[in-house]
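These notes are about the structure you will find just below.
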Amino acid sequence: MQPVKAKVEILDAKTREKLCFLDKVEPHATIAEIKNLFTKTHPQWYPARQSLRLDPKGKSLKDEDVLQKLPVGTTATLYFRDLGAQISWVTVFLTEYAGPLFIYLLFYFRVPFIYGHKYDFTSSRHTVVHLACICHSFHYIKRLLETLFVHRFSHGTMPLRNIFKNCTYYWGFAAWMAYYINHPLYTPPTYGAQQVKLALAIFVICQLGNFSIHMALRDLRPAGSKTRKIPYPTKNPFTWLFLLVSCPNYTYEVGSWIGFAIMTQCLPVALFSLVGFTQMTIWAKGKHRSYLKEFRDYPPLRMPIIPFLL
Ligand SMILES: NC(=O)c1ccc[n+]([C@@H]2O[C@H](COP(=O)([O-])OP(=O)(O)OC[C@H]3O[C@@H](n4cnc5c(N)ncnc54)[C@H](OP(=O)(O)O)[C@@H]3O)[C@@H](O)[C@H]2O)c1
Numbered sequence: 001m002q003p004v005k006a007k008v009e010i011l012d013a014k015t016r017e018k019l020c021f022l023d024k025v026e027p028h029a030t031i032a033e034i035k036n037l038f039t040k041t042h043p044q045w046y047p048a049r050q051s052l053r054l055d056p057k058g059k060s061l062k063d064e065d066v067l068q069k070l071p072v073g074t075t076a077t078l079y080f081r082d083l084g085a086q087i088s089w090v091t092v093f094l095t096e097y098a099g100p101l102f103i104y105l106l107f108y109f110r111v112p113f114i115y116g117h118k119y120d121f122t123s124s125r126h127t128v129v130h131l132a133c134i135c136h137s138f139h140y141i142k143r144l145l146e147t148l149f150v151h152r153f154s155h156g157t158m159p160l161r162n163i164f165k166n167c168t169y170y171w172g173f174a175a176w177m178a179y180y181i182n183h184p185l186y187t188p189p190t191y192g193a194q195q196v197k198l199a200l201a202i203f204v205i206c207q208l209g210n211f212s213i214h215m216a217l218r219d220l221r222p223a224g225s226k227t228r229k230i231p232y233p234t235k236n237p238f239t240w241l242f243l244l245v246s247c248p249n250y251t252y253e254v255g256s257w258i259g260f261a262i263m264t265q266c267l268p269v270a271l272f273s274l275v276g277f278t279q280m281t282i283w284a285k286g287k288h289r290s291y292l293k294e295f296r297d298y299p300p301l302r303m304p305i306i307p308f309l310l
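Start counting the sequence shown at 1; every next residue gets the next number (the UniProt record's numbering).
Shown next, in the form of structure tokens:
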């Protein structure tokens, strides 16, 4: 016997206006397939722009949710919200990270119209300025490469408007930090080489840690899937921080910027570290909450970002 086909009506979540009626939908159709059918009648709303919900104000259904497993009657009513123009995550990250890399170098090479004519293309006499440039560039090149070759994102796109906000943050801070660090009147840190060496050690350790966590997260998700698992420490000692926090990649990221702030002894760097820490704490708390909700056996000792504290 043929399975009974389902009917799906799609209403605008704001106005409740009926946008589309789909007759004869396979009961085992996924939300992704329903989005594709909806796009056929409304091509301006390509699937990545669509959010479909069971309740106008509820959570978006996942692409992999199956119609017959949802609590709906013979005619399923779904509510549609337009997420706005979308841009791929890879494009977002490449734009966000290539910007700071390039902007910092403009200040490092003291291109004209920044510090005054007599300093055009001159070079700092302080070793720490060159070291800072290497660290800053390394950090963003690492992030670009990780975006291209390591991360396995579960979402293909994000709203286009976010890119303006994110780029203002990354590009603006990069310019502000670079302006002071590469300034002809910049003075090296108070405790000289000792301070720089300690800071460099912190920076390098945290970069290795951050990379190790990204590799461990990648290994949790088979290529092409969206699986989410509990991350556990591996043989790599840098991942042992998973024993104590849910998002050690953020812990290491903050550590790297603290190292960079100690190295350069520059106030804008300290502020960038503080703002980044605040943002990553908000995200880490959200991810930690989701782990607790999703996994009953989630290790109880873990905190979101700072062991035993936060
Ligand atoms: N300086 C700053 O202000 C700042 C701010 C934010 C981030 N960052 C840097 O950018 C890096 C990446 O940031 P992010 O927010 O994308 O990090 P993230 O959420 O920890 O994710 C990194 C990658 O791992 C995947 N992933 C995370 N948890 C997983 C799990 N339990 N199972 C399977 N896969 C999982 C993510 O997939 P999904 O696509 O499913 O999430 C993503 O592809 C950070 O580690 C940090 O170094 C810097």
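C-beta: ideal position from N, C-alpha, C; glycine also.
Based on the DSSP output, what are the partners of residue i in its beta bridges?
i           : result
C20         : I10
L78         : I10
residue 312 : Only positions 1 to 310 of the chain appear in the structure, and residue 312 is not among them; the question remains open.
Q86         : P159
M303        : V245
V25         : A6
Between which two residues does the alpha helix (DSSP H) harbouring residue i extend?
i    : result
L105 : W89 to Y108
W283 : L267 to E294
State the start and end residues of the unbroken beta strand (DSSP E) segment that holds residue i.
i   : result
R53 : Q50 to R53
Since residue i and residue j are thought to touch, with beta carbons under 8 Å apart, how far apart are those beta carbons, to the nearest angstrom?
i           : j    : result
G54         : I31  : Sequence check: residue 54 is Leu here, not Gly. Incorrect: roughly 10 Å between the Cβ atoms, too far for contact.
V254        : M280 : 6 Å
P159        : Q86  : 6 Å
I305        : Y250 : 5 Å
H126        : P222 : Rounded, the Cβ-Cβ distance is 48 Å, inconsistent with contact.
I103        : A175 : 5 Å
L67         : A29  : 5 Å
N210        : S256 : 7 Å
A98         : L148 : Not confirmed; about 11 Å, so no contact.
T77         : E9   : 5 Å
V129        : Y186 : 7 Å
L200        : M263 : 6 Å
Y212        : T168 : Residue identity differs from the one stated: residue 212 is Ser in this sequence, not Tyr. 31 Å between Cβ atoms; not a contact.
residue 324 : F153 : As shown, the chain starts at 1 and ends at 310. That puts residue 324 outside it, with no answer to give.
C133        : Y108 : 5 Å
Y170        : P100 : 5 Å
V25         : K40  : No, V25 and K40 are not in contact; Cβ-Cβ is about 13 Å, not under 8 Å.
Taking 8 Å as the CB-CB cut-off, is residue i touching chain C?
i   : result
D12 : Protein chain content of the structure displayed is limited to a single chain, and chain C is not contained in it.
Kindly provide the ranges of any alpha helix (DSSP H) runs that are 4 or more residues long and lie completely inside the stretch 123 to 172, ordered along the chain.
Runs found: 127 to 149.
Tell me the start and end of each unbroken alpha helix (DSSP H) in the stretch 169 to 256 that is at least 4 residues and wholly inside, in chain order.
192 to 220
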